[in-house]
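Sequence lines, in order, name chains A and B. Residue numbers for the first sequence follow the numbering used here, beginning at 3 and rising by one. Residue numbers for the second sequence follow the numbering used here, beginning at 82 and rising by one.
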Amino acid sequence: MGSRTSIPLNDEELSSLCEETKFSHSQLRDLYGRFLELSKDGEFIKRSDMIRLSDLKSNPLGSRIVDAFFKDSCSDDESMDFTQFVKAAAVFKPQRKHTSESALNSADSKLRFIFNIYDLDGDEIISQDEMLSLLKMMVGTSVDAEKLSQIADRAVLDGDDDKDGVIGFEDFKKAVSHIDASKLISIRVLD
Amino acid sequence: FGRQRVEIACKDHGLQSNLQPQQGESLPISQVSLIQKDSPRHFADVFKTKGNGEVEGDKSNSPQEFDLSHVCYLCKKGVEAIIDDDVTKCFSAEELGSWNLLTRTSMRYQYLSIRLTVLWSLGFLFRYFVLLPVRTFTLVVAIGYMIMSASFLGYLPESKFKAGLSRYCLLTVYTLASRAFSASLTFHNLENRAKGGGICVANHTTPVDVIFLSSDNCYAYIGQKHTGFVGFIERLMSRSGSDHIWFDRSEMRDRQKVTNRLKAHVEDATKFPMLIFPEGTCINNTSVMMFKKAALKSGCDLPVAMKYDPRFCDPFWNSSQDSFVRYLIKIMTSWSVVCDIWYLPPEHQKEGKIVTPLCLTGSWRDGGGPNHEVKRWRRCSDIRQQSKGRDCKPRRPCGLTMGWTVEEDDRKKFVSRKGTGRIQQTTERRLANSSEGDVVVDGQNSCISLKTTTSKYEVIGADCLVSLVTEDHSNVIL
Chain A
3 MGSRTSIPLN DEELSSLCEE TKFSHSQLRD LYGRFLELSK DGEFIKRSDM
53 IRLSDLKSNP LGSRIVDAFF KDSCSDDESM DFTQFVKAAA VFKPQRKHTS
103 ESALNSADSK LRFIFNIYDL DGDEIISQDE MLSLLKMMVG TSVDAEKLSQ
153 IADRAVLDGD DDKDGVIGFE DFKKAVSHID ASKLISIRVL D
Chain B
82 FGRQRVEIAC KDHGLQSNLQ PQQGESLPIS QVSLIQKDSP RHFADVFKTK
132 GNGEVEGDKS NSPQEFDLSH VCYLCKKGVE AIIDDDVTKC FSAEELGSWN
182 LLTRTSMRYQ YLSIRLTVLW SLGFLFRYFV LLPVRTFTLV VAIGYMIMSA
232 SFLGYLPESK FKAGLSRYCL LTVYTLASRA FSASLTFHNL ENRAKGGGIC
282 VANHTTPVDV IFLSSDNCYA YIGQKHTGFV GFIERLMSRS GSDHIWFDRS
332 EMRDRQKVTN RLKAHVEDAT KFPMLIFPEG TCINNTSVMM FKKAALKSGC
382 DLPVAMKYDP RFCDPFWNSS QDSFVRYLIK IMTSWSVVCD IWYLPPEHQK
432 EGKIVTPLCL TGSWRDGGGP NHEVKRWRRC SDIRQQSKGR DCKPRRPCGL
482 TMGWTVEEDD RKKFVSRKGT GRIQQTTERR LANSSEGDVV VDGQNSCISL
532 KTTTSKYEVI GADCLVSLVT EDHSNVIL
């Protein structure tokens, strides 16, 4: 509309944010525009604001995704401000060849996001129950429970590399190493 | 994609794949789109067959693989929904359901099998070393023919014979040029074809769709004056007997001048219809953006809808990603360009009444054409909804979600989402933030204020902003 609300950060904070997330200034402005749309008061986004999105409602993993979005980025799990929003979005920036391991959009952080979707209680391991509940969310009621639990058990067995009965983050990374997960977990518009 | 992989895996191990066609697949093609890739039903299919086709101790077929790639996909879609909005969705290239052997359309290229790689390499060699030279040659011939015919026609005196001959030459030139892309064009509803005068509005996906449209009917173009080769072509076109409007940069700024010239051309029924792409920029072949208002001010509008088949090429020009030459090479090394073009019935502006607006929505995804009865304007998000096969109920009046500025160079604004308006807080605040010429809508008050004047206008009917009529019915603004 011609109006560009300016980001409520001073120059220092803005440049350190750019440094950390590797977004350009105009990308940050676009993200701020999106942030304003999502939040009701312009200061914070609450969990309920995000879940309202219709595309997320039709996504079988919608609520889990919102949880994962909120989890790492904010302390109180209920609302996030703009900086946290940007840092969470930065995880999905496509990787360049020279992305360092510690960058926000490294393969590790991307996989960690996916891991958080599986890991419901945040205890850093995916147990059979968690796998089963995720499968249930994805499939609904179309597949009967027994078959589903078979598949879940099987999946945990296959993925469990260090044979401790559950899938930890290292096992998870090994299990996905054969697909280019970091390319899958990138959003082009953030490039 | 998951289904194909299951079938490949089952075949590799000599198993029967027990993929029963689900209920969804026996539906006619217009309803298949409802079974979306990320629906629970899709996953249920995958898991059902996994249960049947189990192979012992074979890690590569384990459900884990399906799990993770699907979770990644869903996750990405979910975060896209959070971060993206409707406008940017129009600007990333379309993703295909199954691979068409062009690397550029495969987002997740990975080594699948030796057979596929061999096929792809054969395709690559064929496309780059057989198709590309032939097409370049055809293009050169077309340009040469245009030069020759234009120069020749320039010398002829104005007469009916000249007009007829120039029409013939133009059609030939453009047909030749579209053959340079191996374009396979199907024109529907030829009875609605434009005859003379008036404005044709079309959706814009590729910069060369002008060529495709012109191979069937002659149009007048409007554009900026360039220098160099493009400028030469422009002058050539003007010479060959059709009146085009080429603007200087300085003239572009004077909006009234532009409008006057346009009006003068359009009202003259002996001239070719003016071809306009009101979206302002290239859209990615999946949706249609709201039209900009400058396009729709004049009397008669003839909508033309174009839809490309994405399996043969990806016609979308993402100008931030590719330069024009690179884009041309991409198009000329695709399999071909297959396009369906529908001529929609003309829209007339009624005196003093609300004009029913144009909308080129229709069942894009369903493979059918746009509906021929004129639909009402939809919001951009509604257009996308409709294109997914879901029906949108018309809402109460004044549901406008996009305001748009009057600047011509709005392309940048759309991309960076500056040019779109949102229903925000109060009209006053938005008025304060808008620039001159903006139309600001307040959802509660059902009134529109134009910044440039102080009168208020009434929105009559319509679920989205269509047009405004001034109180004395002297001016219609869309």
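Heads up, the beta-carbon is just placed ideally off N, CA and C, and yes, glycines get one too.
In this structure, A/28 is the residue among A/111, A/177, A/28, A/119 with its C-alpha nearest to the C-alpha of residue 192 of chain A.
The beta carbons of residue 96 of chain A and residue 26 of chain A sit no closer together than 8 Å. Between residue 234 of chain B and residue 299 of chain B, the C-beta gap is not smaller than 8 Å, which leaves the two residues out of contact.
Excluding the 5 residues flanking it on each side, residue 421 of chain B has same chain C-beta neighbours closer than 6 Å at 267, 388, in chain order.
Assigned with DSSP and collapsed to three states, residue 384 of chain B falls in strand. The continuous stretches of beta strand (DSSP E) do not include residue 302 of chain B, and DSSP gives it neither H nor E.
Residue 220 of chain B carries a helical assignment under DSSP once its states are collapsed to helix, strand and coil. Taking a 10 Å sphere around the C-beta of residue 195 of chain B, we find fewer than 16 other C-beta atoms and assign the residue as exposed.
Of the residues B/291, B/151, B/318, the one whose Cα lies closest to the Cα of residue 232 of chain B is B/318. Residues of the segment 302-316 of chain B that bring their beta carbon within less than 9 Å of a beta carbon in chain A are absent altogether. Per the coordinates, the alpha-carbon of residue 257 of chain B lies some 34 Å from the alpha-carbon of residue 197 of chain B.
Here residue 345 of chain B has no same chain residue with a Cβ atom under 8 Å from its own Cβ, once five neighbours each way along the sequence are excluded.
In this structure, the beta-carbon distance from residue 343 of chain B to residue 303 of chain B falls below 8 Å.
Beta-bridge analysis with DSSP links residue 47 of chain A to A/82.
Residues of chain A with a Cβ closer than 8 Å to the Cβ of residue 408 of chain B do not exist, since the nearest Cβ in that chain sits about 17 Å away. In the three-state scheme derived from DSSP, where H, G and I count as helix and E and B as strand, residue 420 of chain B is classed as strand.
Beta-bridge annotation (DSSP): residue 195 of chain B is not paired with any residue.
Comparing alpha carbon positions, the residue from A/11, A/10, A/65 closest to residue 139 of chain A is A/65.
For residue 268 of chain B, no alpha helix (DSSP H) run applies; the uninterrupted beta strand (DSSP E) run containing it begins and ends at 264-269, by DSSP. Excluding five sequence positions before and after residue 223 of chain B, the CB atoms of its chain that fall closer than 7 Å to its own CB belong to 254, 257, 258, 261, given in chain order. Think of a sphere of 9 Å around the beta carbon of residue 91 of chain A: the chain B residues whose beta carbon falls inside it are 160, 163, 164, in chain order. The beta-carbon of residue 156 of chain B is placed less than 8 Å from the nearest beta-carbon of chain A. Judged by DSSP in its simplified three-state form, residue 283 of chain B adopts strand. Within chain B, the residues 119, 155, 158, 159, 162 have their CB atoms less than 8 Å from the CB of residue 61 of chain A, given in chain order. In chain order, 49, 52, 53, 58 place their CB closer than 8 Å to the CB of residue 68 of chain A, counting only its own chain and leaving out the 5 sequence neighbours on each side.
Pairing residue 171 of chain A with residue 132 of chain A, the inter-Cα distance amounts to about 14 Å. At the C-beta level, residue 213 of chain B and residue 414 of chain B come within 8 Å of one another. With respect to chain A, the C-beta atom of residue 221 of chain B has no partner C-beta closer than 8 Å.
According to DSSP, residue pairing for residue 139 of chain A in a beta bridge does not occur.
Look at residue 327 of chain B here: in three-state DSSP terms it is strand. Assigned with DSSP and collapsed to three states, residue 19 of chain A falls in helix.
When the beta-carbon positions are compared, residue 280 of chain B and residue 71 of chain A stay at least 8 Å from each other. Interface annotation for the segment 106-123 of chain A against chain B: 115, 116, 119, 120, criterion Cβ-Cβ distance under 8 Å.
Between residue 141 of chain A and residue 134 of chain A, the C-beta spacing is not below 8 Å.
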